[in-house]
Each structure stands twice: as C-alpha cells, then as structure tokens.
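Numbering (the numbering used here), first residue to last: 20 to 625.
Okay, here's the thing in structure tokens:
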C-alpha cells in the first residue's frame, strides 16, 4: 500500500495500499481482501506471511476465509475474495495479520456478488450474512446417510420432479412430507419465514433420525452435510452437496431483508438452485404472482385443499349504520364469549385508544389544523397529532364541546368495549405482554402481531378487515391474504374445528371470497389484470429511494431510457424499469451522493 502514514487514532479511507514493513518481503502468495468496514466498498491486496507456510495456516487459507488485516493504522476484519492475485506493479504490500475463521465458499461469494448488484447494495453486507456467527476453524466429518421413514407422498415427489415448482399447500397441511422427500434426494436447503417454524421443522426431521443443521448456529454442521434449515439468512448458508432448495411460505414478507440491500430470500433461492442445477420448490397457500410467473403451478386435489382451510364466517356490516353501530356487532357475541371454543383472538391493526374521533355535538372530525390529519387520543384523554406528536386538550375547536364519538377505536379502547360485550376479561397483547399472561388467556386482542405470540386458537376474529383490503399499497391483496393465512395456521384445517370470523362491508371482495371458498386461485386473474394495467411487479421492477440524500440521487439519476421516475410522495421516489436486471444496471450507474440514502429494491409497502 502507498501513501502517507495515518494517524493511529483515525481510520482514513484515502490509502489505496500501505508500505510493507522492512521485515516483510513483498514476494510470495498474494490474496485480495474485502474489508467489513461499512464505509469502504473496495478490496485490497495482502501478502500471506511466510510463517503461515510452516504452521498450516497457509493451507487453511482459501477464498472466503475470514482474516484480520492492517488498514490505516488499525486491524479490521475482511474476507479473502481472490487468491494468487497479481498486484499492481510497484506496490508494496503488507501481510495478513490473522486467519480468523472459515467463511463463505467461492460459489456463495459469486452468488452474493450477484445479489449485491441485483439489490443495489454492498457485497460486504451479504458476506456478513453468509459468514458464521462464531469463528469456525474446521468442518466436522460428514454425517452418516439416513433414509427418511415412511412412504413418499405423491404430491411431494411430484413437486421435486420439476426444476421449478410453485406448490400451493393449504394452511392446515404440513410441509414435512415435502422435506422428507427432498432429504431422500440429498442435502437440501430449506428456508422458512420465522425462527419458530425453522426450529419446528428441524425438530420434526431430527425425530425422523435425519441429520439437520439449524442456521445460523450450526454453520459448521451445515457445511459438513445433511438438511440445512433456517430463516432468510440461511439462503447463503453452506451446503455440502446441494440437491434441492425449498422456500416455505414464499409469500411471507419476512423473506425480504429490511436493511439495505433489501434482498429477497425467494429470489436468491431461485438463483442458487439455478446455478447448482437442482430443483427449487416454492410453497404457499396463496402463491405470489412472482412465483406463479416463475414456476409450474401445482396443487392438491380440490377436496383435500378445502379440508386444509378453517371454517369461515363473513360478518356483513353493510346493513349497520357506520356511525351509530360501533365496531363490535351483535354477530360477534357467540365468538367472543367462547361459544366456539377458547382461546379467542381479536385482531385490530390500530394501536392506542382512539384513531378517528368526531364531535358528538356538531359532528365535525377532530383534525390537526396544521396537517389536516385526524388527531388520536391517548389513555389520558389528550389529543395527539400523529405527524409531529403535538398534544392539546380534548376540546372541539368548532363548538367547544368536550364529548367525542369514536369512529375508529384503537386497540386499548376496543379492549374495554370487548370486556363489556364478552362479560369476561380481555388481555391486550403488546410487545411488553409477558408470556405468562398469554398462557391461560381465553380472550385476547391486539394488532396483527398477536398472531405471532400464540401457537393455537379456537377462533380468530378480524374486527375490521376492510382497512387491509383498501390499503393504498401495490400488494394490498397479497398482504391481506397473508394475514388470513397466518390466522388460519393457528386454527388448523376443517377437521380441527377452528373458526375464522371477519367483519367487513366488502363481503364480495375477491380476497374474502377466495377465503370463504378456500380457493386462492380466485385471486390470480383479477390481481394479474390489475398489476398489468398499472405496470406493477411482476410486470415491472420497482425501487423506492428515500432519505436526506434522495433528492440528490434522483438528480444524479437523470432520465435514462426505459426508466420511469415517480414522485416524490412522502419524501420518497419510485424508480421503475421493465425488468429487475435493467433496474439494477441503472441504479449501479448512479453516483451516490453524501448523506443518508435508502434504496429499497422491491419495496413491500409502496
């Protein structure tokens, strides 16, 4: 490396290469290292110390190895991304400081490099995901081969016969037959949306006697061989001899990384399987349009699929007065009083006490004068602006009345109303609610997060589902269906006796009709027509640009051909291209301005 000597107390990013110390000759094996320093997005060349040749470290050093390197007066971590490289002439190199751990293979590094370009991010962030959480010095011996018990299920075997399969499985059906069928073919990578699901599948397979590595803790065991199971990060896990890839509930938003780069495990899994030449199966009760466009659609016989969904009650609120009737209808009484069994879970995606108030005297909505948005009310009866959190007394500015009517009550207020109607205690579930309060609760209420806090239910009630159906989002229908699927998982199939109750003024909506008839295919045609008409994914590719530097980024972007720039809306722009490849190429060519910038490729909530 060349350049002036850096201040040891300050990490400088202006040094391309540093002069080698006199005791380290420049001749020898040279490797290229990508640092894990977030602010540095480049690689540097380093010598392998001659001492490593005699103690075995040189032999252990390979592409993907985690190392420590001297850089600008400090030691930082990094990955070897190239071996036996030819450094630029005249450059004096420094030596590697430490061999820390094994890391991602060359195959995974190439896949991560593709993903970094595809989702407009840094390679280092993906390599962190692909690396073990604790240092790994060696890989254990390969486990003995164990044959899965039982006869292979027909639908599971058929799904693995094709290279690309989108398998529609109802919520009440287990994916275990598919996992066992894949295990018979060899080392299989399984991606689940939640850690609880991954742990459950791993436990079930181990009970079958199959070798299973649960990511990320079992990184070394995964590299040795067997089934590899984990959440989205496992898509970059080591697999000894990959034979199949399975993504469970591919529709679930948990498969997409929230931080930059916003890569999607489904797309990475598809690409990994393609490169390896092995079958990839995407499962879901309601396959996304992306999955249907990608692979062969397969499903169970109609009668079997119907049995995998719970019984559904649509409570039609159209005859009820929208102001005077309140949120809770009389039809809810049998459900919330436990006549269909306990526990009962009520879902309302509104936090707080009151979300939409009107004056009981003059009927005016209670809104913020500055922002013209509805004010909310907290437990102290104080009105709060949701934009700037300014608080004011609960007084109507039009007529001076202090009496208000809840047009949209928040969860806290609904809990009070539920207790009065159900005539029994109601537990409001928040992030702070201890598990002990949930264990014996018979009636619970909360936002959709409550569906992730319990393992089973006799009845799930969506108190107001229309806000999900009418949400101004590209994927509102898919996201609404995902909520229903999550609830259905707690209830089981028809044979389990669970009931799903949905209050709505839109009973003919395609999402609700698909749920009522246990037939997700009813969603496909109208959703496809809508997306094509509006030129939305999967018929285009989107990226949302936000942050303080977003305006400068859009200016640098200019007006490239075959790209649309929409916005700004709420401080964010949408960049749209015909394909994901075109979008990635365009974003890669834009100079990044200084300042906070978020590039969300494939925004879920746009």
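Glycine included, C-beta positions come from ideal geometry on N, C-alpha and C.
Helix, strand or coil at residue i [DSSP, three-state]
| i | result |
| --- | --- |
| residue 572 | helix |
| residue 397 | coil |
| residue 525 | coil |
| residue 41 | Because residue 41 carries a pLDDT of 46, less than 50, the predicted location of this residue cannot be relied on, and the following value inherits that uncertainty. Residue 41 falls in the coil class under three-state DSSP. |
| residue 453 | coil |
| residue 56 | coil |
| residue 180 | helix |
| residue 198 | helix |
| residue 26 | Only weak support exists for where residue 26 lies, its pLDDT of 46 falling under 50; the value from the coordinates is given anyway. It is coil, neither helix nor strand. |
| residue 598 | coil |
| residue 587 | strand |
| residue 261 | strand |
| residue 610 | coil |
| residue 505 | helix |
| residue 603 | helix |
| residue 405 | coil |
| residue 163 | coil |
| residue 335 | strand |
| residue 581 | coil |
| residue 442 | coil |
| residue 148 | helix |
| residue 472 | coil |
Member of the options whose CA lies at the smallest distance from the CA of residue i
| i | options | result |
| --- | --- | --- |
| residue 482 | 506, 414 and 300 | 506 |
| residue 403 | 376, 575 and 130 | 376 |
| residue 66 | 346, 88 and 179 | 88 |
| residue 302 | 242, 126, 549 and 319 | 319 |
| residue 168 | 97, 196, 187 and 180 | 196 |
| residue 127 | 361, 186 and 148 | 148 |
| residue 575 | 611, 595 and 525 | 611 |
| residue 153 | 237, 133, 137 and 160 | 237 |
| residue 362 | 472, 231 and 586 | 472 |
| residue 138 | 268, 277, 83 and 235 | 277 |
| residue 111 | 173, 46 and 164 | 46 |
| residue 185 | 504, 268, 219 and 214 | 268 |
| residue 125 | 54, 171, 255 and 177 | 255 |
| residue 333 | 533, 229 and 201 | 533 |
| residue 304 | 541, 453 and 343 | 541 |
| residue 176 | 156, 161, 345 and 194 | 194 |
| residue 143 | 245, 52 and 118 | 52 |
| residue 166 | 140, 173, 198 and 393 | 198 |
| residue 431 | 423, 155 and 446 | 446 |
| residue 500 | 535, 469 and 511 | 535 |
| residue 80 | 116, 94 and 92 | 116 |
Identity of the residues DSSP links to residue i by a beta bridge
| i | result |
| --- | --- |
| residue 318 | 187 |
| residue 424 | 377 |
| residue 515 | Answer is none; residue 515 lacks a bridge partner. |
| residue 447 | 464 |
| residue 89 | 94 |
| residue 275 | 283 |
| residue 592 | 564 |
| residue 220 | According to DSSP, which records beta bridges pairwise, residue 220 is partnered with nothing at all. |
| residue 232 | 247 |
| residue 478 | 363 and 518 |
| residue 114 | 66 |
| residue 101 | 51 |
| residue 210 | 249 and 266 |
C-beta atoms of residue i and residue j nearer than 9 Å
| i | j | result |
| --- | --- | --- |
| residue 539 | residue 327 | no |
| residue 280 | residue 620 | yes |
| residue 293 | residue 275 | no |
| residue 287 | residue 134 | yes |
| residue 239 | residue 158 | yes |
| residue 247 | residue 258 | yes |
| residue 49 | residue 64 | yes |
| residue 622 | residue 563 | yes |
| residue 181 | residue 315 | yes |
| residue 298 | residue 179 | yes |
| residue 637 | residue 525 | The question about residue 637 has no answer here: the residues shown for the chain are numbered 20 through 625. |
| residue 83 | residue 508 | no |
| residue 420 | residue 387 | no |
| residue 271 | residue 213 | yes |
| residue 537 | residue 616 | no |
Three Cβ pairs or more, each shorter than 8 Å: is that satisfied between the segment 98-112 and the segment 566-574? These segments do not touch.
So does the segment 434-442 actually touch the segment 344-357, counting three or more Cβ pairs closer than 8 Å? Look at the beta carbons and you see the segment 434-442 touching the segment 344-357: at least three pairs across the two are nearer than 8 Å.
Counting pairs of Cβ atoms below 8 Å between the segment 480-500 and the segment 541-560, do you hit three or more? Contact between the segment 480-500 and the segment 541-560 is present, because at least three Cβ pairs lie under 8 Å.
Contact between the segment 524-531 and the segment 207-217: three or more CB pairs below 8 Å? Contact check between the segment 524-531 and the segment 207-217: fewer than three CB pairs, one atom from each, fall below 8 Å, which does not count as touching.
Given 8 Å as the limit, is there contact between the segment 463-478 and the segment 507-520, that is, 3 or more CB pairs closer than that? Three or more Cβ pairs drawn from the segment 463-478 and the segment 507-520 lie within less than 8 Å of each other, which places the two stretches in contact.
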